[in-house]
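Let me begin by presenting the structure, written as structure tokens, before commenting on it.
Protein chains in written order, with this note's numbering: chain A, -6 to 72; chain B, 75 to 296.
The following block contains the structure:
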């Protein structure tokens, strides 16, 4: 089973990289981009076959390592 | 006074930190990240600057979960002294020993230059050799030193006099110009600037040496 984890800076935490990307898009002529937030995607191949158990395990991984919940939020998607 | 300095793959200020502690009179043991226990009789742990584990995932995240860090955390939880500089500060926030997190610098650039640091409190073994309000010059060298903490924790840090140092001219976007913070029991300090790189006359000045001298003096007499 594969899991995909999306990690984003929490709302309210300034994202200077997203802001730099927004400026660059504007200078390329892509108008109307009001906000850009940059995050990361982490894909995991798991031996686990039970979806509920996989979700629990990946959530624990996010809490312990994959995200820093002081500044980041995460979501887990099983694929 | 016996200090340990942790060495991670990618640490690059470990020797600077060890030399600064030794010149202040400490006995220093270098401790490899795969070790699971500190040498016996350690009074003080230094977590050095650098790029532990290549800054993969997040700065300090992998180091914070390495075997030796469990021992660093239990040392701190027993009331031991832990001092993190630069990447060491990032590691200490990742372990949860210090509040907040270090984000990418607001201007997105790596910054390496001497900065003015205001001593915000003299109430710790680290800052007791300075006067409250004194301004010292110490270099920074980081890409991710933008200290972020939520409003509740900021109010707590201020209320408990736990902001150790602030920038006189904020270089990186840190909340409230914060350059270094203390733990609740005032025994854990994390700071982005490098006092170990301003610790003897050949460095330009020796204002950083005061920190190490005071730490050693206090722990020798403890």
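For every residue, glycine included, the Cβ atom is placed at its ideal position computed from N, Cα and C.
query: 8 Å is my cut-off, CB to CB: does residue 89 of chain B come that close to chain A?; result: no
query: Against chain A, with Cβ distances strictly below 8 Å, would residue 92 of chain B count as a contact?; result: no
query: Taking only three categories from DSSP, how would you classify residue 279 of chain B?; result: coil
query: Is there a Cβ from chain A that is less than 8 Å from the Cβ of residue 175 of chain B?; result: yes
query: With DSSP collapsed to three states, give me the class of residue 64 of chain B.; result: Look at the range of chain B in this structure, 75 to 296, and you will see that residue 64 of chain B is not part of it.
query: What does a CB cutoff of less than 8 Å around residue 179 of chain B pick up in its chain, not counting 5 residues either side in sequence?; result: 185, 216, 217, 218, 219, 220, 245, 246 and 247
query: Under the three-state reduction of DSSP, which class applies to residue 251 of chain B: helix, strand or coil?; result: helix
query: Could you check where the beta strand (DSSP E) with residue 103 of chain B kicks off and where it finishes?; result: 101 to 106
query: What is the DSSP secondary structure of residue 90 of chain B, counted as helix, strand or coil?; result: helix
query: Helix, strand or coil for residue 54 of chain A? Go by DSSP, reduced to three states.; result: helix
query: Is the distance from the Cβ of residue 93 of chain B to the Cβ of residue 199 of chain B below 8 Å?; result: no
query: Does the pairing of the segment 258 to 275 of chain B with the segment 158 to 174 of chain B give three or more beta-carbon distances under 8 Å?; result: yes
query: Specify the secondary structure class of residue 133 of chain B as computed by DSSP and reduced to three states.; result: coil
query: Tell me which residues of the segment 8 to 22 of chain A have at least one Cβ-Cβ distance to chain B shorter than 8 Å, keeping chain order.; result: 9, 10 and 13
query: Under 7 Å Cβ-Cβ, which residues of chain A neighbour residue 230 of chain B?; result: In chain order: nothing, as chain A lies at least about 14 Å away.
query: Under 8 Å between C-beta atoms, does residue 244 of chain B make it to chain A?; result: no
query: Which of the three DSSP states, helix, strand or coil, is assigned to residue 295 of chain B?; result: helix
query: If I measure Cβ to Cβ from residue 236 of chain B and keep anything under 8 Å in the same chain, skipping five residues before and after, which residues do I get?; result: 195, 230, 255, 256, 257, 258 and 260
query: Of all Cβ atoms in chain A, is any one closer than 8 Å to the Cβ of residue 178 of chain B?; result: yes
query: Please list, in chain order, all residues of the same chain as residue 36 of chain A whose beta carbon is under 7 Å from its beta carbon, the five residues on each side excluded.; result: -5 and -3
query: Just tell me which of B/205, B/118 and B/243 has its CA closest to the CA of residue 263 of chain B.; result: B/118
query: My assumption, with CB atoms under 8 Å, is that residue 253 of chain B sits in contact with residue 191 of chain B. Please give the rounded CB distance.; result: 6 Å
query: Can you tell me which of the three DSSP states residue 188 of chain B falls into?; result: strand
query: Within the segment 116 to 175 of chain B, note down every full alpha helix (DSSP H) run reaching 4 residues or more, in order along the chain.; result: 135 to 138, 141 to 151 and 161 to 169
query: Looking only at DSSP bridge pairs, what is residue 7 of chain A linked to?; result: Answer by DSSP bridge pairing: none, since residue 7 of chain A is not bridged.
query: Can you name, in chain order, every residue of its own chain whose Cβ lies under 6 Å from the Cβ of residue 183 of chain B, other than the five neighbours on each side?; result: none
query: Would residue 250 of chain B count as contacting chain A if we go by Cβ distances under 8 Å?; result: no
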